[in-house]
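Per our numbering, the sequence shown starts with residue 1048, numbered consecutively. Here is the structure we will look at.
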Amino acid sequence: MERALLVTIRLKSKDSWHLEDIAEELEELSATSGVEVVDNISCLCEKPTPNFFIGKGKTEELAILAQENNIDVLIFSHDLSGTQQRNLEEIIGKKIIDRTELILDIFARHARSPEGKMQVELAQLQYLMPRLIGKGIILSRLGGGIGTSGPGEKKLEVDRRRIRGRIDKLREDLRYLSQHRLTMRKKRKENALPTVALVGYTNAGKSTLLNALTDTNQIVSDGLFTTLDTLYKSLRLLNGENAVISDTVGFLHNLPHHLIEAFKATLEEVMEADLLIHVLDVAHSRVYEHNQAVLAVLKELNADQRPMITALNKIDLINDKMWLEKLKNDFINPVAISAKLKLGLNLLLEKIQENFVSRMEKMEILLPHKRMDLVDLFYREGKVEKIQYQQRGIKIKVILPKILLQKLLNNKEIEIQ
């Protein structure tokens, strides 16, 4: 296990978070990546310096600390340019990692599906491309020698060309998968299936809520970015209507723009969903900052105007009921729940149902006895309130999606009462 020294920086002109909050989140990210955190050094900066991001004096101080504590890697809380990274490594003599590189390492550990792995690789290559020049002379050695007419092509240019080619290939493959998802979405719309997308800050409890609502056993863990691949499950509402619910990658404070771009293929489900459920960890000390971070990402995705329910999760960890009531007044369309203990889930399902009530219609239908297949369909796609087996046929009082009823009206065997 690598020994890590964390360097937490707060830029006075840019960062809205407190220094302690930035430090705590950096520690959480570092722990998720599997390093041993030895110490966390904090500093305030007016603005980044072009050579080291921090001052040269602070850099030399970090070099001494790294040597004294047998440090393998220094992890910075902000993104570094290739030049800054190279200069820091030359002075400190240790591997330097910035925040985006740390996040990408966590992504790479948790990606499971081929699509998830492609998206991570694309993000890594997009991160690496502008930094090649800062990686030292090893990437720009001359490729020529005896038997060549000239110095040959620089390795740096070869690397750049290969990376560009790989980026283009990954983008093309992801476009193909995007088209496949578009086809699937069209099928869901043809079947009148409403779509619900879970969004929220990483580790807010989205996967736990997905399990609780759908009675499934998707693996969950207490860590950042444990879900990277989009998951789809069937959701049964209280009125019998079926919906599709999806869980996607968690959001983060100051999530780098190119990471959002790389994961847009996955995040299309958020942009196309009929309803968003914003899962918010109300027991977290930075609940308001997490809310703003999620809304900022949704705005960048042009999904901030979609209908939304705020699921105030982990209420089992809140003892102050007055604080919980205050939270209910501060967020959009709130429902207090505990996904872990399955508290408040019926209220959440009612809220979801309210958003889709116009899709459903109550009707009395008379079927011939031989059409038990339609009885099964009604139980599967709607809510049967009453069924009577009469001499004339099967009389059913049922709530069904309107689009399904439109199809039934063309069936001469069915009598609408």
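Using N, Cα and C, we set each Cβ at its ideal position, and we do this for glycine too.
* **Between the CA atoms of residue 1163 and residue 1316 - distance to the nearest angstrom** => 14 Å
* May I ask which residues mark the beginning and end of the beta strand (DSSP E) holding residue 1263? => No beta strand (DSSP E) holds residue 1263; DSSP gives it neither H nor E.
* To do: In the DSSP assignment, find the alpha helix (DSSP H) that holds residue 1157 and state where it starts and stops.
  => 1146-1157
* Residues near residue 1345 by beta carbon distance below 6 Å, same chain, minus five either side -> 1351
* Asked: For the 8 Å Cβ check, are there 3 or more pairs between the segment 1413-1430 and the segment 1371-1384?
  -> no
* Asked: At which residue ranges does the segment 1359-1391 contain complete beta strand (DSSP E) runs of 3 or more residues, listed in the order of the chain?
  -> 1381-1383
* Start and end residues, alpha helix (DSSP H) containing residue 1066 -> 1066-1080
* Return the chain-ordered list of same chain residues with a C-beta closer than 8 Å to the C-beta of residue 1464, the five sequence neighbours on each side being excluded. => 1410, 1411, 1412, 1413 and 1442
* Asked: Just the Cα atoms here: how many angstroms apart are residue 1258 and residue 1329?
  -> 19 Å
* To do: Could you check how far apart the C-beta atoms of residue 1319 and residue 1242 are, in whole angstroms? I think they sit under 8 Å.
  => 7 Å
* Of all the options 1461, 1161 and 1132, which has the alpha carbon lying nearest to the alpha carbon of residue 1141? -> 1132
* Between 1221, 1378 and 1386, which lies nearest to residue 1364 when the distance is taken from Cα to Cα? -> 1386
* Please state whether DSSP places residue 1444 in a helix, a strand or coil. => strand
* Asked: residue 1231 to residue 1217, Cα distance in whole Å?
  -> 21 Å
* Can you list, in chain order, the residues of its chain whose CB lies under 8 Å from that of residue 1336, leaving out five sequence neighbours each side? -> 1063, 1064, 1068 and 1300
* To do: From the DSSP output, read off the bridge partner residues of residue 1060.
  => None, per the DSSP bridge assignment.
* Is it the case that the Cβ atoms of residue 1143 and residue 1245 are separated by a distance below 7 Å? -> no
* To do: Would you kindly work out how many angstroms separate the C-alpha atoms of residue 1061 and residue 1394, rounded to a whole number?
  => 40 Å
* **Cβ distance (whole Å) where residue 1256 is taken to contact residue 1402 below 8 Å** => At roughly 17 Å, the Cβ-Cβ gap does not stay under 8 Å, so residue 1256 and residue 1402 are not in contact.
* Asked: Since residue 1325 is in the beta strand (DSSP E), which residue starts that stretch and which ends it?
  -> 1322-1328
* C-alpha distance - residue 1113 paired with residue 1247, whole-angstrom precision -> 36 Å
* When we look at the beta-carbon of residue 1167 and count the other beta-carbons within 10 Å, is it buried (16 or more) or exposed? -> buried
* Where the alpha helix (DSSP H) containing residue 1455 begins and where it ends -> 1449-1455
* To do: Answer yes if the segment 1369-1377 comes into contact with the segment 1302-1311, meaning at least three C-beta pairs across the two stretches below 8 Å, and no otherwise.
  => no
* Where DSSP assigns a beta bridge to residue 1166, which residues make up the other side? -> According to DSSP, which records beta bridges pairwise, residue 1166 is partnered with nothing at all.
* Which class does residue 1343 belong to by DSSP, given the choice of helix, strand or coil? -> helix
* **Host beta strand (DSSP E) of residue 1419 (start-end)** => Run containing residue 1419: none in the beta strand (DSSP E); it sits in the alpha helix (DSSP H), 1419-1428.
* Cβ neighbour criterion (16 or more within 10 Å) applied to residue 1291 -> buried
* Would the C-beta of residue 1420 count as close to the ligand GDP, meaning under 6 Å from any of its heavy atoms? -> Of ligands this structure carries none, so the ligand GDP is not represented either.
* Asked: With distances taken from CA atoms, which of 1452, 1102, 1415 and 1425 is nearest residue 1436?
  -> 1415
* Straight-line gap, residue 1234 to residue 1109 (C-alpha atoms, nearest Å) -> 57 Å
* Using 8 Å as the threshold, is the segment 1171-1180 in touch with the segment 1202-1211, meaning 3 or more CB pairs across them? -> yes
* Mind checking residue 1165: buried by the 16 CB within 10 Å criterion, or exposed? -> buried
* Asked: Along the chain, where does the beta strand (DSSP E) that runs through residue 1122 open and close?
  -> 1120-1123
* **Exposed unless 16 or more other CB atoms sit within 10 angstroms - verdict on residue 1339** => exposed
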